[in-house]
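Quick note: the sequence shown uses the numbering used here, first residue 1, plus one each step.
Every residue gets a Cβ at the ideal spot worked out from N, C-alpha and C, and that includes glycine.
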Amino acid sequence: MCGIVGVLGNHEAAPLLVEALKRLEYRGYDSAGIATVDAGRLDRRRAVGKLVELSDLLVHDPLSGKSGIGHTRWATHGGPTLVNAHPHRAGPVAVVHNGIIENFRELRAEMREKGYETVTQTDTETVALVTQDLMAQGLQPDEAAIAALARLKGAFALAFLFEGEDDLIVAARQGSPLAIGWGDGEMFLGSDAIALAPLTDRITYLEEGDVAVLNRGGAEIRDRNGNRVNRPVRRVLIDASRIEKGGHRHFMAKEIAEQPAVLREALDHYLQDDGIAMPQIDFTDVDRVVLVACGTAFYACQTARYWFEELARLPAECDIASEFRYREPPLSERTLAVFVSQSGETADTLAALRYCRDKARIVSVVNVAESSIARESDLALPILAGAEIGVASTKAFTCQLAVLMLMALKAAKDRGRIGDDALAGHLNDVRTLPGLVSHALTVEPAIEDAARALSQAQDVLFLGRGTMYPLAMEGALKLKEISYIHAEGYASGELKHGPIALIDGSVPVIVMAPRDRLFDKTVSNMQEVMAREGQVILITDAAGAEAAGEGTREVLQMPPVPPLLAPIVYAIAAQLLAYHTAIAKGTDVDQPRNLAKSVTVE
Ligand code: F6R
């Protein structure tokens with residue numbers, strides 16, 4: 001949440017900062033700002049709203065200078081107002097910040113006592129004030145920033161820029177990611193390497209507790225103990241086409257459409273002629289799997305639980321990361337703790353992972369290979385979905401499911417629950433997945449029609465059984481977050497225990513039910529809804545459509561699929577339904593209100 005960038009360049013910094021921020025806008029977009037130093041003079045421009053507002057402001061009120069820092073905000077402390085927008089300035093110092101300073105109240109009180117004025121509701125302003133105060137006591141700018149950092153508690157990434165210093169940025173990482181980019185006689189800084197892609201492909205990822213003092217000649221990095229350290233410089237190649245819309249109206253549309261291709265890539269990575277290439281995991285000495293994540297990734301975990309239990313007869317539990325970590329669950333060395341995260345930076349998931357350190361074996365299923373979660377795991381399994389920019393997760397979800405499904409199949413094989421032939425049969429099915437997903441995408445025109453009607457609804461229910469139950473919750477989440485329509489996902493059998501009271505003629509009920517062993521049960525629940533005038537949209541296959549009988553408002557037909565693959569294929573329908581409902585409502589699909597892609601605060 002919040003994106004930060006920095007430039008010590010040989011060209012005007014403002015356009016570079018804005019361009020880099022554009023690539024970080026997925027991290028927050030309620031205000032943006034930049035500060036530059038030009039011939040020693042520190043100045044800043046800030047604007048409320050999306051980055052385009054800042055760009056417009058800079059046209060009328062430009063900012064010169066070849067050194068600068070920038071920020072795109074997702075508000076934590078203080079509303080999305082101009083006064084709360086970063087960079088925050090106190091005298092000779094400007095600061096941009098991602099994360100939370102937990103002890104800012106004490107620091108603010110101390111600064112006020114010393115006579116400094118506070119004008120914002122943010123925690124970040126205090127960092128600037130403490131640095132200003134230390135400079136007033138005679139410390140050099142870099143020393144002051146380092147001394148200020150030592151006083152901060154919390155999780156953050158910070159960058160400091162100083163009046164009178166055209167060749168200095170101080171950067172720090174403690175809990176929020178930060179990457180340094182190396183140019184030729186230029187240095188860059190960004191919350192992730194994507195921000196720096198057009199500027200350089202030579203990247204150093206700061207480690208937890210690192211402080212870097214940058215000038216055009218390079219970076220001096222110190223670790224949390226103040227020791228000088230060398231962090232590796234890696235070539236990080238980011239294919240520009242992966243972070244552009246490629247002719248689609250929205251990133252979300254592009255990312256939905258990419259799913260056959262990215263799933264193929266993920267499957268190719270893990271599938272061998274005779275098995276699953278995950279040699280680092282041996283399930284023979286695992287007696288329990290604990291799956292932990294947030295949001296959409298949590299629903300992927302819930303789906304995987306069915307697979308681990310059913311296929312591998314391996315007890316599996318799921319938890320939301322923010323609950324898991326405080327529940328302090330008992331673990332053993334025979335527990336496999338699996339953390340699922342697209343960004344690999346979600347604060348709660350990372351904290352839950354750290355809770356498991358030295359207590360269980362830690363495997364992560366991540367999209368961003370260089371992320372904190374990946375790096376802190378015993379084993380990181382990439383999902384290979386490519387950059388996901390749309391705030392609502394789509395292709396990462398289906399790729400997470402694909403990798404978790406292969407893990408469960410591996411567990412089944414390792415534990416002797418399925419033999420070579422059964423595994424080969426499952427893998428043959430799995431190889432058909434990209435084709436089935438392509439087929440599911442062809443249902444888009446029918447889904448578009450259904451979505452137009454859905455866009456008029458106040459409340460929508462999603463129902464499913466078995467692996468369709470977590471998908472019902474995922475479908476509801478997708479609809480909520482991008483169309484702002486209230487939606488809930490329920491287990492079909494649970495409906496009569498309360499939620500059925502909500503049903504009347506105005507409530508669309510999306511029933512996800514492939515023609516499988518649970519189909520008849522789900523259809524009974526669907527009948528209960530229709531008997532109360534609920535407007536059923538049934539998502540099923542041809543056999544299901546025939547067996548369901550009359551009374552549904554609409555049937556959206558998916559291809560026939562092996563039960564194992566159903567949640568992945570049916571996810572396409574849920575995603576398209578949410579997408580087209582949002583389009584019909586005219587909401588901001590890629591950047592829905594109040595959300596950010598990378599949730600790096602607790
Ligand atoms: C919903 C969505 C979020 C994320 C959640 C976890 O569309 O994207 O619910 O799934 O914030 O994020 P990651 O996977 O990055 O840990």
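Can you tell me where the beta strand (DSSP E) holding Asp-459 begins and where it ends? 459-464
Checking the sheet assignment: what are the DSSP bridge partners for Leu-379? Val-363
Pocket of the ligand F6R defined by Cβ to heavy atom distance under 5 Å: Cys-294, Gly-295, Thr-296, Ala-297, Ser-341, Gln-342, Ser-343, Thr-346, Ala-392, Ser-393, Val-599
CB of His-97 within 7 Å of CB of Thr-131, strictly: no
What residue does the beta strand (DSSP E) around Glu-554 start on, and which one ends it? 554-557
Proximity of Ala-159 and Ile-101 at Cβ, strictly below 7 Å: no
Measuring CB to CB, does Ala-14 end up less than 7 Å from Arg-46? no
Cβ-Cβ separation, Leu-206 to Ile-221 (assumed contact under 8 Å), whole Å: Ile-221 to Leu-206, Cβ: 7 Å. Contact.
What are the partner residues of Gly-190, as DSSP defines its beta bridges? Val-5, Ala-179
Kindly indicate which residue of Pro-499, His-426, Pro-141, Ala-446 has the alpha-carbon position closest to the one of Phe-462. Pro-499
Roughly how many whole angstroms lie between the Cα atoms of Glu-376 and Ser-506? 48 Å
Taking the straight line between their C-alpha atoms, what separation do you get for Pro-279 and Asp-414? Looking at the two C-alpha atoms, the distance is approximately 11 Å.
Using the Cα positions of Tyr-570 and Ala-440, report the straight-line distance between them to the nearest angstrom. 8 Å
Regarding Ala-257 and the ligand NAD, is the C-beta to nearest heavy atom distance less than 6 Å? For the ligand NAD, the structure offers nothing, since it holds only the ligand F6R.
Any beta strand (DSSP E) of 3 or more consecutive residues that is wholly inside the region 477-555: 486-491, 508-512, 535-540
N- and C-terminal bounds of the beta strand (DSSP E) containing His-88: 88-90
Here's the rule I'm using: 16 or more other beta-carbon atoms within 10 Å means buried, otherwise exposed. How should His-497 be labelled? exposed
State yes or no: is the beta carbon of Tyr-26 nearer than 7 Å to at least one beta carbon in chain D? This model lacks chain D altogether; it includes just one protein chain.
Taking the alpha carbon of Ser-598 as the point to measure from, which residue in Gly-544, Arg-553, Met-526, Val-368 has its own alpha carbon closest? Val-368
Please report the straight-line C-alpha distance between Glu-265 and Leu-384, rounded to a whole angstrom. 7 Å
What are the complete alpha helix (DSSP H) segments, minimum 4 residues, inside the region 56-126? 104-113
For Gly-78, which residues in the same chain have their Cβ closer than 8 Å to its Cβ, ignoring the five residues on either side in sequence? Asn-84, Thr-120, Gln-121, Thr-122
I'd like the ranges of any alpha helix (DSSP H) spanning at least 4 consecutive residues and lying wholly in the region 230-312. 251-257, 259-270, 295-312
Pull up the distance between the alpha-carbon of Leu-331 and that of Asp-282, whole angstroms please. 18 Å
With three or more C-beta pairs closer than 8 Å as the rule, is the region 381-400 touching the region 351-360? no
Measure the C-alpha to C-alpha separation of Gly-185 and Asp-30 and round it to an integer number of angstroms. Going from the Cα of Gly-185 to the Cα of Asp-30 covers about 33 Å.
Excluding five sequence neighbours on each side, which residues of the same chain lie with their C-beta closer than 6 Å to the C-beta of Thr-204? Ile-180, Arg-231, Val-233
When you compare each of Arg-553, Asp-348, Leu-311, Ile-537 to Arg-327 by their alpha carbons, which one comes out closest? Asp-348
Round the Cβ separation of Ile-537 and Ile-510 to the nearest angstrom and send it over; I've been treating them as touching at under 8 Å. Confirmed, about 5 Å.
Distance check for Val-236 and His-88, CA to CA, integer angstroms please. The straight-line gap from Cα to Cα measures roughly 31 Å.
Among Ile-389, Val-48, Glu-309, which has the Cα closest to the Cα of Met-405? Glu-309
Along the beta strand (DSSP E) that carries Thr-581, what are the first and last residues, could you check? Segment 566-585 is the alpha helix (DSSP H) holding Thr-581; no beta strand (DSSP E) there.
What does DSSP give as the partner residues of Ile-389 in its beta bridges? Looking at the DSSP assignment, Ile-389 forms no beta bridge with any residue, so it has no partner.
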